[in-house]
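Worksheet: the structure to be examined is printed underneath.
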Ligand SMILES: N[C@@H](CCC(=O)N[C@@H](CS)C(=O)NCC(=O)O)C(=O)O
C-alpha cells in the first residue's frame with residue numbers, strides 16, 4: 001500500500017498517525033506538494049488533493065477519514081462519532097481559513113475567514129474532554145486537530161480553549177509519535193515507510 005501525503009498536511013498526518021498506531025509498518029509514503037499540481041498525484045486523484053491511499057489491489061481512496069477507516073475497519077459508537085465529527089469540523093474550519101489567508105492571500109477580515117474563525121472560537125470552549133494519554137482513535141484524532149489549530153492560530157487557541165484542553169494539548173505535543181509526525185520532523189526524516197518513523 002502507498003500513501004501520498006505532504007509534510008505539512010494535517011489530513012495526511014491523521015493517516016500517518018493512524019497507520020503508525022496500528023503498526024502498519026510496510027505502508028509506503030510518498031511526500032508530494034499538491035499545490036505544485038504534480039502530474040503523478042493528479043493521475044491518482046484528479047481532484048489534486050492529498051492524502052491518497054493506493055491499496056494493494058490498486059484501489060484509490062482519497063479523504064483522510066475514509067483512509068483511516070480503511071486502515072482499521074471498525075464500527076464507532078455515537079459517542080466516538082460525536083468526537084470524530086467535532087474534530088473534523090474543527091480541522092476543516094481551521095484549514096479553510098488558513099488556506100484562504102496563506103494560499104489565496106486574502107485579508108483576515110475576508111468574510112469566509114471570519115466565518116471559519118468565529119466558528120472555531122465558538123466551538124473551542126465546547127470541545128469534548130481531551131486526554132493526551134488516550135490511544136482510542138477519536139481521542140488521538142481530536143488531539144491532532146486541536147494541535148493543528150494551535151499551530152496555525154495560536155492566539156485563537158489560547159484565547160478560547162479551556163484550561164484543561166490547553167494542558168492536555170501541551171502534553172500531547174510532547175509525545176514521541178506526535179513529535180515525529182510534525183511537519184519539521186517529517187521534512188527532516190522523509191520516511192519511506194511508516195516503519196521508518198521511529
Ligand atoms: N477532506 C479532505 C481534505 C484534504 C485536503 O484539503 N488536502 C490539502 C492538503 S492539507 C490539499 O491537498 N490541498 C490542495 C488542494 O486543495 O488543491 C480529507 O480529509 O482528506
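Numbering (UniProt numbering), first residue to last: 1 to 198. We treat Cβ as the ideally placed atom computed from N, Cα and C, and that holds for glycine.
| query | result |
| --- | --- |
| What residue ranges within the segment 35-113 form continuous beta strand (DSSP E) runs of no fewer than 3 residues, ordered along the chain? | 52-54 and 60-62 |
| Given this structure, state the Cα-to-Cα distance separating residue 50 from residue 12, to the nearest angstrom. | 7 Å |
| Within the same chain, show all residues whose beta-carbon is closer than 7 Å to that of residue 63, passing over the 5 residues directly before and after it, in chain order. | none |
| Taking 6 Å as the line, does the beta carbon of residue 11 fall inside it for any heavy atom of ligand 1? | yes |
| Are the Cβ atoms of residue 150 and residue 120 separated by less than 7 Å? | no |
| State the DSSP-derived secondary structure class of residue 117, mapped to helix, strand or coil. | helix |
| Using only alpha-carbon positions, find the residue among 69, 34, 105 and 90 that is nearest to residue 9. | 34 |
| If I measure Cβ to Cβ from residue 139 and keep anything under 8 Å in the same chain, skipping five residues before and after, which residues do I get? | 83, 130 and 131 |
| Would you say residue 49 touches ligand 1, meaning its beta carbon is less than 6 Å from a heavy atom? | yes |
| What do you reckon, is the C-beta of residue 25 under 6 Å from a heavy atom of ligand 1? | no |
| Any heavy atom of ligand 1 within a distance shorter than 6 Å of the CB on residue 93? | no |
| Could you tell me the boundaries of the alpha helix (DSSP H) in which residue 193 lies? | No alpha helix (DSSP H) holds residue 193; DSSP gives it neither H nor E. |
| Looking at the strands, I want to know which residues DSSP matches up with residue 4. | 30 and 52 |
| Measure the alpha-carbon distance for residue 174 versus residue 42 and round it to whole angstroms. | 35 Å |
| If you follow the alpha helix (DSSP H) that residue 142 is in, where does it begin and where does it stop? | 137-152 |
| Apart from the five residues on each side of it in sequence, which residues of its chain come closer than 8 Å, Cβ to Cβ, to residue 181? | 13, 16, 17, 20 and 197 |
| Is residue 234 a contact residue of ligand 1, with contact defined as CB to any heavy atom under 6 Å? | The structure shown does not extend to residue 234, since the chain is modelled only from 1 through 198, so no value can be given for it. |
| Tell me, please, whether the segment 81-96 touches the segment 112-119 by the rule of three or more beta-carbon pairs shorter than 8 Å. | yes |
| How is residue 155 classed by DSSP in three states: helix, strand or coil? | helix |
| Expressed to the nearest angstrom, what Euclidean distance is found between the alpha-carbon atoms of residue 157 and residue 164? | 12 Å |
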